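A.B. asks: The structure is given below, and queries will be raised subsequently.
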Amino acid sequence: MLASDPRFTRAVRQRVLVTGGAGFIGSHLTRRLLDLGHDVLVADNLYSGARDNMREFADHPNFEFIRHDVTFPLYVEVDQIYHLACPASPIFYQRDPVQTTKTSVHGSINMLGLAKRTNARILLASTSEVYGDPTVHPQVESYWGNVNPIGIRSCYDEGKRCAETLFFDYWRQHDLEIKVARIFNTYGPRMRPDDGRVVSNFIVQALQGEPLTIFGDGSQTRSFCYVDDLVEALIRLMETPADFTGPVNLGNPGEFTMLELAEKVISMVGSDGAIEHRPLPADDPVQRQPDISLAEEVLDWRPVTDLDEGLKHTIEYFRGSDV
Ligand code: NAD
Ligand code: UDP
Ligand code: UDP
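Read the sequence shown against our numbering and you will find it ends at 327, with the numbers running on by one and no gaps.
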């Protein structure tokens, strides 16, 4: 088992709440926590997640699901909270931007209030988007970012920045045990075919024999982390000593242009290679690459799945799911 390193694995069974556990990352995390022997409660309003993502562990005796919107209070008894609830794809988080900000702000206040009452440790799934369109490259945790506060991405970026603020104020003011993860672009099986993010879009388009849609000239970069690597890091982060709060960058430092990604997907799927350029959305970051020195040092972690291998698994998943 991957997380069998005793420094990062609790011997005692924990009652774990995963908000957003019906989503892409949350469902992989839930699976791993169940495998490690914990009791897992998923709270999710199914806004961008799906019951189907939880199918393979739905009957597990230690698993429970409640349909719940985290912008409303939640009273349960838990030892750990992984707070992931929030749509992550631009088309989903921009569909109802006010609800996106509420989810990050009100949702974090409620989950922090829950952690305070139950004395639970709480981890925030924050994002590389807190760096906005970064002027420091690669991005280090000490960089404060370059974020437009009034643009179409702001509901997500500023919502997460405020969530980080709330986490650190509850830590300073109420002595909570917090962990803040800044997650960089993550991909893998169980992304929605209509998710709108670049990896799923390209794979679905290539499998359907459609042209791959490249926004702008395709020279913008992203660094893609395979979901199993990310989940390993989240679990290690939760188990770090109480005085480690983060924020810590979690991602794969391999950096690719969208044109390079398109070429990889085309050659791996074996499609005809057609590409269609579309306008670049407003405020689309030009480059993004994590500096993961802190995660390497504190978590003794670095991703082990390179982009070719991760894409292979993801393409196999989409081939098998009739897209
Ligand atoms: P996702 O959209 O698949 O999952 C988010 C889940 O949260 C969904 O199941 C959705 O239904 C649920 N949700 C949304 N609003 C909610 C609400 N108000 N109450 C309860 N549940 C709600 O996205 P994901 O890629 O799995 O992302 C999970 C978390 O990781 C998010 O917080 C996201 O911001 C963060 N993150 C993801 C990435 C990435 O590349 N995937 C990168 C950085 C950060
Ligand atoms: N809260 C919750 N579950 C709990 C405890 C609190 O959802 O088990 C919510 C509660 O509704 C409140 C928020 O968390 O709005 C913040 O709680 P906190 O105790 O920090 O603040 P207060 O209740 O004093 O406003
Ligand atoms: N993108 C693209 N074609 C698509 C979807 C996205 O070229 O069909 C681009 C997008 O403009 C961005 C990059 O791919 O520059 C990553 O987009 P994604 O939505 O996956 O993540 P984010 O922008 O949030 O990092």
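Each residue gets a CB set at the ideal place from its N, CA and C atoms; glycine is no exception. The model shown is predicted, which means the values in this text are computed figures rather than measured ones.
1. Assuming contact is defined by CB atoms lying nearer than 8 Å, are F219 and D288 in contact in what I supplied?
2. So for P294, helix, strand or coil by DSSP?
3. Any idea which residues DSSP pairs I187 with across the strands?
4. Measuring CA to CA, which of G155, K183 and S204 is closest to R246?
5. Taking all protein chains shown into account, decide if Y79 is buried (16 or more other Cβ within 10 angstroms of its Cβ) or exposed.
6. Got a sec: does ligand 3 put a non-hydrogen atom nearer than 7 Å to the Cβ of Q212?
7. With a threshold of 16 other CB atoms inside 10 Å of the CB of V134, please say whether the residue is buried or exposed.
8. Measuring alpha carbon to alpha carbon, tell me which of L116, R323, A278 and M262 ends up nearest L180.
9. With the cut-off set at 8 Å, would you say V22 and T34 are in Cβ contact?
10. Quick check on the DSSP output: the beta strand (DSSP E) that includes L21 runs from which residue to which?
11. For the alpha helix (DSSP H) holding R35, just list the boundary residues, first then last.
12. For the alpha helix (DSSP H) that contains V44, what are its first and last residues?
13. What are the start and end residues of each continuous alpha helix (DSSP H) run of 4 or more residues lying completely inside the region 100 to 178, in chain order?
14. Quick one: what's got a C-beta closer than 6 Å to C166's C-beta in the same chain, skipping five residues either side?
15. Let me check one thing: in DSSP terms, what residues is R282 bridge-paired to?
16. DSSP three-state label for E259, please.
17. Output needed for G25: all residues of its chain with C-beta closer than 6 Å, excluding positions within five of it in sequence on either side, in chain order.
18. Taking its Cβ as the centre, do 16 or more other Cβ atoms sit within 10 Å of S146, making it buried, or is it exposed?
C.D. replies: So, from the data block:
1. yes
2. strand
3. T131 and L254
4. For the record, residue 246 in the displayed sequence is Ala; it is not Arg. Ranking the options by Cα distance to A246, first place goes to K183.
5. exposed
6. It does not: the Cβ of Q212 is nowhere closer than 7 Å to a heavy atom of ligand 3.
7. buried
8. L116
9. yes
10. Following the DSSP letters along the chain, one finds L21 inside the beta strand (DSSP E) bounded by residues R19 to T23.
11. F28 to D39
12. Segment D43 to D48 is the beta strand (DSSP E) holding V44; no alpha helix (DSSP H) there.
13. 101 to 122 and 158 to 178
14. V109
15. DSSP output for R282 lists F219 as bridge partner(s).
16. strand
17. T34, V46 and D48
18. Flag for S146 reads exposed.
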